[in-house]
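For the sequence shown, position 228 matches number 228 in this note's numbering, and the numbering has no gaps at all.
Ideal Cβ placement from N, Cα and C applies to all residues, glycine included.
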Amino acid sequence: MERENSQRMIPRRRGNDQKNIHMRRRKHRKHRFLKVLVVILTVIVMWKLIGNVGSWVRQWQLDEEYGVSAQNMSIHDAKEKAPQKLSTTQIKKRLHSLAKKDSAYQNIYDNRDKYPTVLLRSLCNNAEMLEFVKGYLSADGFAHGHLTKKECKEKIPLLLQWDQRWGYVSYGSSDIALSGCAPTCLSMVIVGLTGNLKATPNKIAKYAQDNGYYLKGTGTSWSLLTEGASHFGVVGREISLSKETVCGVLKQGQPVICSVGRGDFTTEGHFIVLTGMKDGRIKVNDPNCIRRSCLWEYEILEPQIKNLWAYHG
């Protein structure tokens, strides 16, 4: 009986051994699968990180510029890159060329028919708008965010009409990014003179539309810069176009908003802010371009100015 029982136990041990081996194999396969999964996930994360590095760097560069009222950049450089009135064919060629040099433009080029022509023209003239244009098709059309600490410390902060915080908000027949230069200029002046941090470009644009200061087919009425300005606690008045007058009010600490025609800042019409003087030259805040927000000689600005208004609190 004892021999028979021992013989019966042998198969059971073998069965247990086989079961243990099978379990070990399953654990090994599971462990190997988890290793492979971790490697795959790591590759995916790294790919996304690498893909976003360019965007992060560009945005960081722009964030660093926000709030800087005027860069000590040479006037020659600013004039070299004055905007051009490009045709649809020229825009297509320019985008294609940019896409070859920088992959960030490729998706925009591939979907160019989905974007307003005027937006693509602006991008071709101003590479600073790249991140804004990349987010254009998916934007919700609302304002997001507030002024930065850096902007709040500036005497007259440089605010950009195509800033993603408010640039997608509608204004007139377009949006603030493309048509909101006047509200953005007035916002700079109001924030600088009153410290009202809520007077962002989207708030000024809404006030302008709600109160009839936006004229269909024309754009922002000049009366916004005087009548409308008073609503936000600043006094604006027209001044004469002369070097003595302009430099005089700037030395008194009064910023000046200028309506300018075709030239170094625009191919049609635009508004800029003169924020002060330095070394005999004028500090300019261009709401459409960081690069052109620099020091300019009065003699270069004068023939481009159509009208101008000085402000005090």
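Contacting residues, own chain, Cβ-Cβ under 8 Å from residue i (five flanking each side not counted)
{"i": "residue 313", "result": "193, 194, 233, 234, 235"}
{"i": "residue 118", "result": "174, 178"}
{"i": "residue 140", "result": "168"}
{"i": "residue 134", "result": "55, 104, 107, 108"}
Where residue i falls: helix, strand or coil (DSSP)
{"i": "residue 82", "result": "coil"}
{"i": "residue 275", "result": "strand"}
{"i": "residue 248", "result": "helix"}
{"i": "residue 295", "result": "strand"}
{"i": "residue 206", "result": "helix"}
{"i": "residue 175", "result": "strand"}
{"i": "residue 213", "result": "coil"}
{"i": "residue 237", "result": "strand"}
{"i": "residue 68", "result": "A caution first: residue 68 carries a pLDDT of 49, below 50, which makes its placement in the model unreliable, though a value can still be read off. Looking at residue 68 - three-state DSSP - the assignment turns out to be coil, as it is neither helix nor strand."}
{"i": "residue 135", "result": "coil"}
{"i": "residue 242", "result": "coil"}
Between the CA atoms of residue j and residue i - distance to the nearest angstrom
{"i": "residue 300", "j": "residue 247", "result": "14 Å"}
{"i": "residue 191", "j": "residue 183", "result": "12 Å"}
{"i": "residue 187", "j": "residue 121", "result": "25 Å"}
{"i": "residue 114", "j": "residue 216", "result": "24 Å"}
{"i": "residue 109", "j": "residue 271", "result": "29 Å"}
{"i": "residue 84", "j": "residue 125", "result": "7 Å"}
{"i": "residue 205", "j": "residue 228", "result": "11 Å"}
{"i": "residue 274", "j": "residue 40", "result": "54 Å"}
{"i": "residue 250", "j": "residue 189", "result": "13 Å"}
{"i": "residue 132", "j": "residue 30", "result": "46 Å"}
{"i": "residue 101", "j": "residue 94", "result": "11 Å"}
Closest by C-alpha distance to residue i, when choosing among the options
{"i": "residue 309", "options": "209, 284, 286, 259", "result": "259"}
{"i": "residue 128", "options": "104, 117, 115, 146", "result": "104"}
{"i": "residue 81", "options": "311, 229, 123, 137", "result": "123"}
{"i": "residue 304", "options": "276, 263, 287", "result": "263"}
{"i": "residue 164", "options": "158, 176, 171", "result": "176"}
{"i": "residue 266", "options": "92, 37, 286, 196", "result": "286"}
{"i": "residue 203", "options": "143, 223, 151", "result": "143"}
{"i": "residue 321", "options": "199, 253, 276", "result": "Absent from the structure is residue 321, since the part of the chain shown begins at 1 and ends at 313."}
Residue i: first and last residue of the uninterrupted beta strand (DSSP E) it sits in
{"i": "residue 152", "result": "Per DSSP, residue 152 belongs to no beta strand (DSSP E); it is in the alpha helix (DSSP H), 149 to 153."}
{"i": "residue 127", "result": "Unbroken run through residue 127: none, as it is neither H nor E."}
{"i": "residue 258", "result": "256 to 260"}
{"i": "residue 95", "result": "Residue 95 -> not in any beta strand (DSSP E); alpha helix (DSSP H) instead, spanning 88 to 101."}
{"i": "residue 310", "result": "305 to 312"}
{"i": "residue 284", "result": "281 to 285"}
Own chain, CB closer than 6 Å to residue i, minus 5 neighbours either side, in chain order
{"i": "residue 221", "result": "213, 215"}
{"i": "residue 306", "result": "259, 261"}
{"i": "residue 98", "result": "105"}
Nonlocal neighbours in the same chain, by C-beta distance under 7 Å from residue i, ignoring five residues either side
{"i": "residue 145", "result": "165"}
{"i": "residue 170", "result": "141"}
Run of the alpha helix (DSSP H) containing residue i, from where it starts to where it stops
{"i": "residue 109", "result": "106 to 110"}
{"i": "residue 182", "result": "181 to 194"}
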